[in-house]
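Taken in order, these protein sequences are the chains called A and B. For the first sequence, my numbering begins at 124 and goes up steadily by one. For the second sequence, my numbering begins at 124 and goes up steadily by one. Every residue gets a Cβ at the ideal spot worked out from N, C-alpha and C, and that includes glycine. These numbers come from a predicted model, not from an experiment.
There are 2 protein chains.
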Amino acid sequence: MSGHPFSTPVASRLEEPPAGTSVHQVLELVGDKLAATEQVLRCHLESDVPFIEDAGRYLADSGGKRMRPALLLLAARLLGHDSEEEVTYAAVVEFIHTATLIHDDIIDHSDLRRGRETVNRRWGNSLTVLLGDWIYTKAMRMALAHDNLEVIRQLTNATLRMTEGEMLSLERLGSIDLSVEEYFSIIDRKTAYLFSAACSIPCLIRPAHPEGAIPLRSYGRALGNCFQLVDDLLDFTASQGELGKPVLSDLKEGKLTLPLLLLLPRVTPKQRQLVQFVLEDRAFERTTAQEILDLVDSEGTLAEVEHMARAFADEAREALAFFPPSDARSALEIAPEFVLNRRS
Amino acid sequence: MSGHPFSTPVASRLEEPPAGTSVHQVLELVGDKLAATEQVLRCHLESDVPFIEDAGRYLADSGGKRMRPALLLLAARLLGHDSEEEVTYAAVVEFIHTATLIHDDIIDHSDLRRGRETVNRRWGNSLTVLLGDWIYTKAMRMALAHDNLEVIRQLTNATLRMTEGEMLSLERLGSIDLSVEEYFSIIDRKTAYLFSAACSIPCLIRPAHPEGAIPLRSYGRALGNCFQLVDDLLDFTASQGELGKPVLSDLKEGKLTLPLLLLLPRVTPKQRQLVQFVLEDRAFERTTAQEILDLVDSEGTLAEVEHMARAFADEAREALAFFPPSDARSALEIAPEFVLNRRS
């Protein structure tokens, strides 16, 4: 992949993050609370069922970006909260995300996640179905600790939307006629809703800040869409070593993402057929990954998608104008930049 | 199977149900509310996702005994409740039960349930994993309608226990050295907890009846254990036509149930090996179903298990002595008899 126009981070060629800021500095604001979240995650993966103990430890050691917990904790700080409650919810959204990934990896027959064997690969599908169920239910049980019904409502709504998004995606798997509209409906449900819930749940912590719900929901939703578009781009631009999973894996799984959706109406029937081949074969048999990458390069749709991702990032930042300036607001303003710059 | 000592209903040879009572009369007490529950179930299976619509209709038409809703509604009546709230929870426990069955059928590779193709057989494992997730989350969302946190807590606790029970069962699948203690720990989690939750949740409906929680929980748990023992017996005694699934299917799936667990310490190594063959082959290749049935008959362990099921039924009934006599108490007293007599 070296020499590929996107082998530098997605956004870095357009604009550097604001001077003097780094992921480290942004996360420092909620560093103690992120560490506390990690403790809560580990502690709630303990069980008298041997498999939960083993798989729980494996998952806790697998890392992850903890993006949803960090956003939730920053939003809580933005609203002036400082309690155990936001730490609980930070762990809860990470658990819900984890449960979803676990089930998605079964469905996608994925063998690798974050450079390690997936749970399904290691323990088989049956135990993995149950582990996802258990972690999701555990998340709900944890969230109940603070007697805040509205939070549970938001979490169940987000989970319903995520499950529906995954179903819609699965029903259209391998279809070359997926529309851009359908694509956005899928990523909105699959990704953006949970980001939106993570960012707006702090408004429900008492003393409640109902006035912050709309801007924080908009922020989360736009950032979630941005995150997903970057995810789609990375499948074209990152190397396997960076991503922990094979490149062009979406297409090989039968999933058309935005760079190809924008490309298809513009190419010749013969070129279109190359994409169709991969969707049918679920492998590069009748074409090569390089041929698909060259096609995408020739039409420049990666740059278009990057442009759209940047527009979502701007939309997210703009939603924050509602709040007075603060360290938390600055951190949330910088977050989209890191999403655009992420390599994995 | 004709001529088999258990080809008559499990309990009918010992004792007839109290004169003048029938399932019909028992259910009549809560007939309107069961009908309302059915409406709620159907209405909440509607969705803008085509697959949920299709599979939801299929599930709603598949029937089911609605035992947990009926128990919940009878317990609510026992406590003097008469509101929409118990109807919601009746639908919720049936949804949780359904979600669990859907995931269990994936795990057990089951093709048939209630005489019809399973969801996994019809729509494949991937969509079925998601349907189970969706129905469970929907159940939680429905339960939230009455702002009763303690109910949600009970439901999540029961779901965690059910998932753990299924994991424990799966981890010991095919093991001939499963202990009777492990067996009871599994069925307690897999079956009895949700019965217990269904029977005791009405204590949390306002005006709350905390004093009823212990007897109703005991009732539900004993009845759940009774139900599961009868389920295990039916796998030996019912015909495929009655049960909607093949006979001795538990053993063929690698699951040792109580009739065999009691038998194994008493038989010769050679006889023990016959059971081992089926656990290994997951089929009747090196022995026949009839050979296993004859072995069980010769040691009389079906009658022992039936005796234990009856003891649980008695325990359930005794827990009701806490409550003053009423039509609902009479109905709950008779319920164990129907559990003992059920043929499918």
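Nearest-angstrom Cβ-Cβ length linking isoleucine 225 (chain B) and leucine 317 (chain B), presumed shorter than 8 Å: The distance from the Cβ of isoleucine 225 (chain B) to that of leucine 317 (chain B) is about 15 Å, inconsistent with a contact at the 8 Å cut-off.
Can you find the residues in the same chain that come closer than 7 Å, C-beta to C-beta, to threonine 251 (chain B), ignoring five residues on each side of it along the sequence? Within the same chain, threonine 251 (chain B) has close Cβ partners Ile225, Ile229, Val242 and Asn243.
Isoleucine 232 (chain B): buried (16+ other C-beta within 10 angstroms of its C-beta) or exposed? Correcting the residue type first, residue 232 (chain B) is histidine in the shown sequence and not isoleucine. Burial call: exposed.
So which residues of chain B does arginine 264 (chain A) contact, with C-beta pairs closer than 8 Å? Chain B residues near arginine 264 (chain A): Arg276, Thr279, Asn280 and Leu283.
Just to confirm, is the Cβ distance from leucine 469 (chain B) to alanine 213 (chain B) under 8 Å? The first residue shown for chain B is 124 and the last is 467, placing residue 469 (chain B) beyond what the model contains.
So is serine 449 (chain B) in contact with chain A if we call contact Cβ pairs under 8 Å? Among the residues facing chain A, serine 449 (chain B) is not included, as its CB has no counterpart in that chain under 8 Å away.
Please look up how many angstroms separate the CB atoms of leucine 291 (chain A) and serine 308 (chain A), rounded, as I've assumed it's under 8 Å. That pair is a contact at about 7 Å.
For arginine 236 (chain A), which beta-bridge partners are listed by DSSP? Arginine 236 (chain A) is bridged by DSSP to A:Arg239.
In the DSSP assignment, find the alpha helix (DSSP H) that holds valine 172 (chain A) and state where it starts and stops. For valine 172 (chain A), no alpha helix (DSSP H) encloses it, and the DSSP letter there is neither H nor E.
I'd like the list of long-range same chain contacts for leucine 381 (chain B), defined as Cβ closer than 8 Å, with 5 residues on each side in sequence excluded. The beta carbon of leucine 381 (chain B) is closer than 8 Å to those of Val303, Tyr306, Leu352, Asp355, Thr424, Val428 and Met431 in its chain, skipping five residues each way along the sequence.
Give me the residue from B:Ile258, B:His269 and B:Phe350 with the minimum Cα distance to arginine 76 (chain B). Residue 76 (chain B) is absent from the model: chain B starts at 124 and stops at 467.
Within its chain, find whatever has a CB closer than 7 Å to the CB of arginine 440 (chain B); leave out the 5 residues flanking it on each side and keep chain order. Annotation for arginine 440 (chain B): Glu456 and Pro459 place their beta carbon closer than 7 Å to its own, counting only its chain and skipping 5 residues before and after.
Find the nearest neighbour of leucine 339 (chain B) within the set B:Asp358, B:Asp256 and B:Leu443, judged by alpha-carbon distance. With respect to the C-alpha of leucine 339 (chain B), the residue from B:Asp358, B:Asp256 and B:Leu443 having the closest C-alpha is B:Leu443.
Please report the distance separating the alpha-carbon of arginine 433 (chain B) from that of aspartate 171 (chain B). Going by the C-alpha atoms only, they are around 47 Å apart.
Look at the alpha carbon of glycine 288 (chain A) and the alpha carbon of leucine 387 (chain A), and state the distance between them as a whole number of angstroms. For glycine 288 (chain A) and leucine 387 (chain A), the distance between alpha carbons rounds to 23 Å.
Quick one: complete alpha helix (DSSP H) runs, 4+ long, within the stretch 376 to 416 of chain B? Annotation: the stretch 376 to 416 of chain B contains the following complete segments of the alpha helix (DSSP H) (minimum length 4 residues), in chain order: 381 to 386 and 392 to 404.
So the candidates are B:Val419, B:Asn248, B:Phe400 and B:Thr286; which of them puts its Cα closest to the Cα of serine 298 (chain B)? The shortest Cα separation from serine 298 (chain B) among B:Val419, B:Asn248, B:Phe400 and B:Thr286 belongs to B:Phe400.
Taking the straight line between their C-alpha atoms, what separation do you get for arginine 264 (chain B) and threonine 160 (chain B)? Taking the straight line from one Cα to the other gives about 16 Å.
With 16 as the cutoff for other CB atoms within 10 Å, does histidine 167 (chain B) come out buried or exposed? Histidine 167 (chain B) should be labelled buried.
Less than 8 Å between the beta carbons of leucine 371 (chain B) and isoleucine 415 (chain B), yes or no? In contact: leucine 371 (chain B) and isoleucine 415 (chain B) (Cβ atoms closer than 8 Å).
In terms of residues, what are the limits of the alpha helix (DSSP H) holding aspartate 355 (chain B)? Segment 336 to 360, the alpha helix (DSSP H) holding aspartate 355 (chain B).
Start and end of the alpha helix (DSSP H) containing asparagine 280 (chain B)? In the DSSP annotation of this structure, the continuous segment of the alpha helix (DSSP H) that includes asparagine 280 (chain B) starts and ends at 272 to 294.
Output the distance between the C-alpha atoms of arginine 312 (chain B) and proline 448 (chain B), rounded to the nearest integer angstrom. C-alpha separation (whole angstroms): 31 Å.
Shorter than 8 Å from the beta carbon of lysine 313 (chain B) to some beta carbon of chain A? Chain A, which has no Cβ nearer than 8 Å to the Cβ of lysine 313 (chain B), makes this no.
Near-chain B residues of the stretch 174 to 204 of chain A (beta-carbon distance less than 9 Å), N- to C-terminal order: Considering only beta carbons, the part of the stretch 174 to 204 of chain A lying closer than 9 Å to chain B consists of Phe174 and Ile175, in chain order.
8 Å Cβ shell around leucine 164 (chain B) - same chain, five flanking residues per side excluded: Taking leucine 164 (chain B) as the centre and dropping the five residues before and after it, the same chain places the C-beta of Ala183, Ala214, Glu217 and Phe218 closer than 8 Å to its C-beta, in chain order.
Alanine 222 (chain A) vs cysteine 322 (chain A) beta-carbon contact at 8 Å: No, the Cβ-Cβ distance between alanine 222 (chain A) and cysteine 322 (chain A) is not below 8 Å.
Relative to the C-alpha of aspartate 205 (chain A), which residue among A:Pro325, A:Arg344 and A:Thr411 is closest? Of all alpha-carbon atoms in A:Pro325, A:Arg344 and A:Thr411, the one lying nearest the alpha-carbon of aspartate 205 (chain A) is that of A:Pro325.
Helix, strand or coil at alanine 198 (chain B) according to DSSP, with G and I counted as helix: Here alanine 198 (chain B) carries a helix assignment [DSSP, helix/strand/coil].
Going along the chain, which residues of the stretch 287 to 304 of chain B sit with their C-beta nearer than 8 Å to a C-beta in chain A? Listed by position along the chain: Glu287, Glu289, Met290, Leu291, Leu293 and Glu294.
For the candidate residues A:Leu379, A:Arg409 and A:Asp404, whose alpha-carbon lies nearest to that of lysine 473 (chain A)? Nothing about residue 473 (chain A) can be reported from this structure: the residues present for chain A run from 124 to 467 only.
So what does DSSP say about glycine 154 (chain A), is it helix, strand or coil? It is helical.
Pair within 8 Å by beta-carbon distance, leucine 379 (chain A) and leucine 301 (chain A): Against a cut-off of 8 Å, the Cβ pair of leucine 301 (chain A) and leucine 379 (chain A) comes out as a contact.
Could you tell me which chain B residues have their CB closer than 9 Å to the CB of glycine 230 (chain A), listed as they occur along the chain? With the sequence shown as reference, residue 230 (chain A) is identified as isoleucine, and glycine is not the correct amino acid for it. Neighbours of isoleucine 230 (chain A) on chain B, chain order: Asn248, Ser249, Leu250, Val252 and Leu253.
Sequence-distant residues of the same chain with beta carbon closer than 6 Å to phenylalanine 461 (chain A), five excluded per side: Sequence-distant Cβ neighbours of phenylalanine 461 (chain A) in its own chain, meaning closer than 6 Å and more than five residues away, are Val146.
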